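Asks: Residue numbers (this note's numbering), protein chains in the order written: chain A, 1 to 108; chain B, 109 to 225. Input: one structure, supplied below.
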């Protein structure tokens with residue numbers, strides 16, 4: 001089993017819709033969780049950290065479920081500019097472990 | 109804040125050439141810098157972790173004599189791909205963290221697209 005797993009997608013979603021995807025992790029001792037977005041052929045950019053109580057930033061909401069060992073990202077009122085690959089990142093010991101990403105395509 | 113600059117952004121060179129990539133943290137002191145490689149449609153693969161003033165820690169399968177890392181200051185780390193071959197063609201990205209542990213997010217440079225002919 002991979003340490004961090006994501007559905008690769010692509011998720012094809014109409015503009016304005018709500019979309020959510022999950023990321024599962026195997027190390028129950030993980031303490032820090034992040035969502036990054038990566039545009040094609042560009043570097044990853046931090047989208048948001050994921051806190052135990054969950055957190056919201058505008059149209060984006062991140063949740064952590066420790067019991068089931070997954071984090072989620074929900075995007076409301078999706079925009080064309082949200083099209084990207086979303087990377088889930090979990091700390092594993094001394095380093096961060098990266099998921100392979102979920103590709104999201106927002107269609108007009 | 110937390111700006112990381114990586115240079116060059118694109119390199120095309122002949123097989124056998126050595127290529128040096130620089131990674132600078134512009135507005136903060138980076139205790140730790142990370143070097144990643146990413147092949148098309150694949151996830152980031154950590155190559156090595158470097159702490160200022162000490163030897164880099166390489167991941168399994170990464171040749172330390174081929175990928176030389178120097179982290180001489182809290183704002184600069186360099187990766188040198190020695191005697192590069194076509195199979196070394198990839199997207200190389202550095203990141204820097206303000207913390208000594210993995211609880212801090214990483215901030216990325218723009219990446220270097222390396223093409224070896």
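All C-beta atoms in this analysis are idealised placements derived from N, C-alpha and C, irrespective of residue type, glycine included. Please read these numbers as outputs of a predicted model, since none were measured by experiment.
In the DSSP assignment, what residue or residues form a beta bridge with residue 139 (chain B)?
Replies: DSSP output for residue 139 (chain B) lists no bridge partner at all.
Asks: Taking a cut of 9 Å between CB atoms, which residues from the segment 53-76 of chain A lie near chain B?
Replies: Of all residues in the segment 53-76 of chain A, none has a Cβ within less than 9 Å of some Cβ in chain B.
Asks: Restricting to Cα atoms, I'd like to know which of B:156, B:194, B:115, B:150 is closest to residue 177 (chain B).
Replies: Looking at the Cα atoms, B:156 is the closest of the given residues.
Asks: Output the boundary residues of the beta strand (DSSP E) element that contains residue 115 (chain B).
Replies: Per DSSP, residue 115 (chain B) belongs to the beta strand (DSSP E) from 112-115.
Asks: What number of angstroms, rounded off, separates the C-alpha of residue 205 (chain B) from the C-alpha of residue 213 (chain B)?
Replies: C-alpha separation (whole angstroms): 7 Å.
Asks: For residue 188 (chain B), which option in B:147, B:164, B:134 has the closest C-alpha, if you only look at C-alpha atoms?
Replies: Ranking the options by Cα distance to residue 188 (chain B), first place goes to B:164.
Asks: Comparing the C-beta of residue 87 (chain A) with each C-beta of chain B, is any distance below 9 Å?
Replies: So yes, residue 87 (chain A) belongs to the interface.
Asks: Looking at residue 179 (chain B): is its Cβ nearer than 9 Å to the Cβ of residue 160 (chain B)?
Replies: Yes, the Cβ-Cβ distance between residue 179 (chain B) and residue 160 (chain B) is below 9 Å.
Asks: Can you have a look at residue 148 (chain B) and say buried or exposed, based on whether 16 or more other CB atoms are within 10 angstroms of its CB?
Replies: By the neighbour-count rule (16 or more Cβ atoms within 10 Å), residue 148 (chain B) is not buried but exposed.
Asks: Quick one: using the 10 Å Cβ neighbour count with 16 as the cut-off for buried, is residue 99 (chain A) buried or exposed?
Replies: It is buried - the Cβ of residue 99 (chain A) has at least 16 other Cβ atoms within 10 Å.
Asks: Using Cβ-Cβ distances below 7 Å, what residues of the segment 134-164 of chain B are close to chain A?
Replies: Flagged, chain order: 150, 151, 152, 154, 157.
Asks: Between the C-alpha atoms of residue 107 (chain A) and residue 15 (chain A), what's the straight-line distance to the nearest angstrom?
Replies: Approximately 6 Å between the Cα atoms of the pair.
Asks: Kindly identify the DSSP beta-bridge partner or partners of residue 92 (chain A).
Replies: Residue 92 (chain A) is bridged to A:95.
Asks: Is residue 23 (chain A) closer than 9 Å to residue 85 (chain A) when the C-beta atoms are compared?
Replies: In this structure, residue 23 (chain A) does not lie closer than 9 Å to residue 85 (chain A) by Cβ.
Asks: Just the chain A side, please: which residues come within less than 9 Å of residue 116 (chain B) by C-beta, in chain order?
Replies: Simply none; closest approach about 14 Å.
Asks: Which residue comes first and which comes last in the beta strand (DSSP E) that contains residue 147 (chain B)?
Replies: Where residue 147 (chain B) is concerned, there is no enclosing beta strand (DSSP E), given that its DSSP letter is neither H nor E.
Asks: Look at the alpha carbon of residue 70 (chain A) and the alpha carbon of residue 172 (chain B), and state the distance between them as a whole number of angstroms.
Replies: In a straight line, the C-alpha of residue 70 (chain A) is about 34 Å away from that of residue 172 (chain B).
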